[in-house]
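A short write-up of the structure that comes next.
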């Protein structure tokens with residue numbers, strides 16, 4: 001690892017909690033600890049930003065429109081099970 | 086045998102409660118409304134869970150069939166949407182077990198996620214710095230979709246529910262019957278895996 005921060009073990013410990021930080025699932029004290037660290041550690045700041053970007057890209061990669069043909073097929077199936085019930 | 090109703094049980098009311106109650110009271114025509122409400126979301130879920138379009142279509146179809154069959158058993162103890170996704174998740178797991186052609190990919194996730202390696206960038210990489218709009222293209226989204234699919238299922242389903250479907254940690258835990266702590270661990274590992282794939286893509290292609 002090319003971390004320039006003097007306490008490498010501390011970086012790794014915080015690294016494991018970066019998702020919780022991004023998701024706003026930390027208490028105030030933990031959040032401040034992370035923010036104080038990333039303000040002076042370029043490596044952890046880089047990890048944080050690339051993780052944030054990964055999450056943003058996932059959101060973009062998600063949605064896909066239902067094909068019209070399948071939608072019609074689904075409606076037909078539902079009508080069939082409704083009538084059979 | 087029917088279980089005795091628990092007098093301390095609290096019903097969860099949400100935007101689907103009225104519709105679900107109406108269907109369960111016999112207005113089956115309104116099931117179509119439920120389908121229209123969730124068809125798009127479940128299709129998105131299916132496309133990310135399954136490798137191909139037909140797998141996703143089977144998943145959506147089987148999920149709605151199961152919902153139709155078991156809706157009367159829904160006890161209003163959770164949000165309806167959580168119950169629906171639990172049905173969809175179970176349907177997806179059953180589908181994969183049935184399929185001879187889609188075995189769970191075995192990935193040495195532990196190796197990929199070696200902590201020393203994972204925490205390595207010395208600066209913010211360009212792909213994480215430039216505006217998202219400049220970065221987006223179909224090739225990149227295709228790479229990412231492939232990467233999501235290549236995640237082992239227990240990680241894939243968590244990242245789909247949390248980062249694509251945007252369920253909370255608590256709701257995801259409820260859907261998958263996991264502890265919130267377990268959801269957080271799986272999500273972080275899945276994100277690191279995907280970040281690693283993106284790093285590889287940008288190292289070679291940008």
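Residue numbers (the numbering used here), protein chains in the order written: chain A, 1 to 85; chain B, 86 to 291.
Even glycine gets a Cβ: it sits at the ideal position worked out from N, Cα and C.
Starting from the Cα of residue i, find the closest Cα among the options and give me that residue.
| i | options | result |
| --- | --- | --- |
| residue 53(A) | 9(A), 68(A), 22(A), 30(A) | 22(A) |
| residue 63(A) | 140(B), 167(B), 273(B), 131(B) | 131(B) |
| residue 126(B) | 80(A), 59(A), 28(A) | 59(A) |
| residue 253(B) | 75(A), 45(A), 83(A), 25(A) | 25(A) |
| residue 279(B) | 17(A), 14(A), 61(A) | 61(A) |
| residue 174(B) | 214(B), 287(B), 133(B) | 133(B) |
What three-state label does DSSP hand residue i in the structure shown?
| i | result |
| --- | --- |
| residue 26(A) | coil |
| residue 215(B) | coil |
| residue 104(B) | helix |
| residue 287(B) | helix |
| residue 254(B) | helix |
| residue 138(B) | helix |
| residue 40(A) | coil |
| residue 201(B) | Legend: pLDDT at residue 201(B) = 48, less than 50; position of this residue unreliable, value from coordinates given subsequently. In this structure, residue 201(B) counts as helix in the three-state DSSP scheme. |
| residue 181(B) | helix |
| residue 162(B) | coil |
| residue 186(B) | The predicted model places residue 186(B) with a pLDDT of 49, which falls under 50 and marks its position as unreliable, so this point remains unresolved. |
Residue i and residue j look like a contact to me (Cβ under 8 Å); what is the Cβ gap, rounded to whole Å?
| i | j | result |
| --- | --- | --- |
| residue 48(A) | residue 38(A) | 6 Å |
| residue 229(B) | residue 177(B) | 20 Å between Cβ atoms; not a contact. |
| residue 156(B) | residue 105(B) | 7 Å |
| residue 170(B) | residue 260(B) | 5 Å |
| residue 34(A) | residue 12(A) | Actually they are not in contact, since the Cβ atoms of residue 34(A) and residue 12(A) sit about 13 Å apart, beyond 8 Å. |
| residue 269(B) | residue 28(A) | Their Cβ separation, rounded to whole angstroms, is 18 Å, which puts residue 269(B) and residue 28(A) out of contact at 8 Å. |
Compare the beta carbon distance of residue i and residue j with 9 Å and say whether it is the shorter of the two.
| i | j | result |
| --- | --- | --- |
| residue 164(B) | residue 101(B) | yes |
| residue 55(A) | residue 120(B) | no |
| residue 129(B) | residue 250(B) | yes |
| residue 277(B) | residue 247(B) | no |
| residue 109(B) | residue 153(B) | no |
| residue 212(B) | residue 263(B) | no |
| residue 73(A) | residue 117(B) | no |
Using a Cβ cut-off of 9 Å (strictly closer), state whether residue i contacts chain C.
| i | result |
| --- | --- |
| residue 101(B) | No chain C is part of this structure, whose protein chains are labelled A and B. |
Which residues in chain B sit within 7 Å of residue i, going by Cβ to Cβ distance?
| i | result |
| --- | --- |
| residue 63(A) | 129 |
| residue 85(A) | 113 |
Going along chain A, which residues have a C-beta under 7 Å from residue i?
| i | result |
| --- | --- |
| residue 210(B) | 46, 50 |
| residue 142(B) | 70 |
| residue 153(B) | 81 |
Closer than 8 Å by beta-carbon distance: list the chain A residues that pair up with residue i, in chain order.
| i | result |
| --- | --- |
| residue 182(B) | What residue 182(B) touches in chain A: nothing, since even the nearest Cβ is about 23 Å away. |
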